[in-house]
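Data block below; observations after.
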Amino acid sequence: MEYRKLPKGSEQISVLGLGTSSIKASSEKEIEETVALAVEKGINYFDMASSEAKPFAAYGRALSEVRDKVYFQIHFGANYETGTYGWTTNLDTIKRSIDWQLKALQTDYIDFGFIHCIDEESGLREIEKSGVIRYIKELKTQGTVRHIGLSSHTPSLVERVLDMEILDMLMFSINPGYDYRHGEYAIGGVDERMDLYRRCESDGVGISVMKAFSGGQLLNAKTSPFGKSLTEFQCIQYALDKPGVLTVLPGIRNKADLLRILEFCSAVELEKDYSIIGSFAPRDAEGKCVYCNHCQPCPAGLDIGLINKYYDLAKAGDALAKSHYENLEIKADSCVKCGHCNKRCPFHVDQTAKMGEINSYFGN
Ligand code: SF4
Ligand code: SF4
């Protein structure tokens, strides 16, 4: 398992986490065993936006003895009073729900306290008015909440909350469908969404990814908006290559799903290669590097995806990107303009010219 460090913290987060929305189909015993197996295999990040109350107690039993080695992402606004999920902005209901979730999970602290599922300005105004944000901040001051997060599907709304400078983590829906304007949560254009990921990286806000398979649509040629299916591994790698992303949270139904997803960790590059999406990328995604490294190997040894990522982040105002670039052993000035990458790039990036541009930008 690979781990990525939370920029504003010391937590090392597994690149594969778990979503809880689909596990309700299993018995409590199977949920408990599945979660224990996930930890054994190196998963340490658990989103608790469940569709039912049922998994909480099973998670509590499975994780109580390793509590200090795992991270819970808990949602202020998810309510389980009726036994199934309900969305609320009422502060008293939220307080009751948080108390109940902590008790069921057998813990007294929250690693990541999330402002839950806000997609519109009106929702943000509502939780500001009802005191939800103030409440999470108070719990952070008291030490009950370690980090504040937000879950949303709307880039412009996330930008508003980023401006408040309270976030350490964002849960966002990332997949090629949504990024290319297909699907229920395809909110914002290609550039707007990519700019958001870059801003998160630049601001030190980690991203946990929900809906990496677009609710399963992308996995089937009949439901895929592109008319071609992608694999789970391609979708996971696609999300992990986006700036700011720390972890992807597939929703699993049972142990068999978990074991299948875990094979991502030992999959070879070819199984994770998502360059096929270049064949259905919209026009405004053409010629823009998505850092996939499909164009490798470079005979001069350049890490083409990473060099492009640092370049884009530096242009977006990320103060650290320039020094990251300067620390690279092989930089853009080593490009021998062989043209191999241009021939291989499914997004038609003129990388040979781009390396010249990057070299001039960083002043070498
Ligand atoms: S140049 Fe093309 S193939 Fe290479 S990393 Fe960028 S998008 Fe991927
Ligand atoms: S053109 Fe430059 S970056 Fe591209 S493969 Fe050749 S040496 Fe590497």
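In our numbering, the protein residues as written are 6 to 369.
Cβ coordinates follow ideal geometry from the N, Cα and C atoms, glycine included.
Note that this is a predicted model, so its numbers are computed, not measured.
| Item | Value |
| --- | --- |
| Selection from VAL253, VAL137, GLY232 that minimises the alpha carbon distance to MET176 | VAL253 |
| Under 7 Å, CB to nearest heavy atom of ligand 1: contacting residues | SER280, CYS294, VAL295, TYR296, CYS297, ASN298, HIS299, CYS300, ILE309, GLY310, ASN313, CYS346, ARG349, CYS350, PRO351, PHE352, VAL354, GLN356 |
| Beta-carbon proximity of ALA272 to PHE238, cut-off 8 Å | yes |
| Contact check, ASP323 vs GLU170, beta carbons under 8 Å | no |
| For PHE77, the residue or residues it bridges with in DSSP | PHE51 |
| Simplified DSSP state of SER280, which is helix, strand or coil | helix |
| N-terminal and C-terminal residue of the alpha helix (DSSP H) that LYS10 is part of | Here LYS10 belongs to no alpha helix (DSSP H); instead the beta strand (DSSP E) covers 8-10. |
| Classification of ILE179 by the beta-carbon crowding that lies within 10 angstroms, buried from 16 upward | buried |
| Touching by the beta-carbon criterion (3+ pairs, under 8 Å), the region 213-227 and the region 259-276 | no |
| Inter-residue spacing [alpha-carbon to alpha-carbon] between ALA305 and SER55 | 48 Å |
| LEU110 Cβ short of 7 Å to ligand 2 heavy atom set | no |
| Backbone CA spacing between LYS74 and GLY361 [nearest angstrom] | 45 Å |
| Coil, strand or helix - HIS345 by DSSP | helix |
| Cβ separation of ILE312 and ILE363, assumed to be a contact under 8 Å, to the nearest whole Å | 6 Å |
| Local conformation of VAL166 per DSSP, three classes | helix |
| Unbroken beta strand (DSSP E) run spanning LEU68, endpoints | Counting along the chain, LEU68 falls outside any beta strand (DSSP E), though it belongs to the alpha helix (DSSP H) covering 60-68. |
| Any non-hydrogen atom of ligand 2 closer than 7 Å to ALA358 Cβ | no |
| Selected residue, minimal CA-CA separation from TYR190, among ASP52, PRO160, CYS343, LYS34 | PRO160 |
| Touching by the beta-carbon criterion (3+ pairs, under 8 Å), the region 80-89 and the region 30-49 | no |
| For SER280, the nearest candidate out of LYS13, ILE257, LEU235 (CA to CA) | LEU235 |
| Spatial neighbours of HIS187 in its chain, beta-carbon cut-off 7 Å, leaving aside the 5 residues before and after | PRO230 |
| One or two residues paired with MET360 in a DSSP bridge | Looking at the DSSP assignment, MET360 forms no beta bridge with any residue, so it has no partner. |
| Ranges of the alpha helix (DSSP H) found wholly within the region 218-264, counting only runs of at least 4 | 237-245 |
| With 16 other Cβ atoms within 10 Å as the buried cut-off, status of PRO181 | buried |
| Rounded separation between LEU42 and LEU107 - CA only | 22 Å |
| Of the residues VAL40, LYS327, ARG66, ARG9, the one placed nearest GLN111, counting alpha carbons only | ARG66 |
| Residues bridged to ALA83 [DSSP beta-bridge criterion] | TRP92 |
| Contact between the region 116-124 and the region 137-149 (3+ Cβ pairs under 8 Å) | yes |
| Cα-Cα separation between LYS227 and GLU164, rounded to whole angstroms | 34 Å |
| Of the residues GLU133, LEU21, ARG72, ALA58, the one placed nearest ILE103, counting alpha carbons only | ALA58 |
| Terminal residues of the alpha helix (DSSP H) in which HIS353 lies | That residue, HIS353, is in no alpha helix (DSSP H); it is neither H nor E in DSSP. |
| Cut-off 6 Å between Cβ atoms - residues of its own chain near GLU276, not counting five sequence neighbours on either side | PHE238 |
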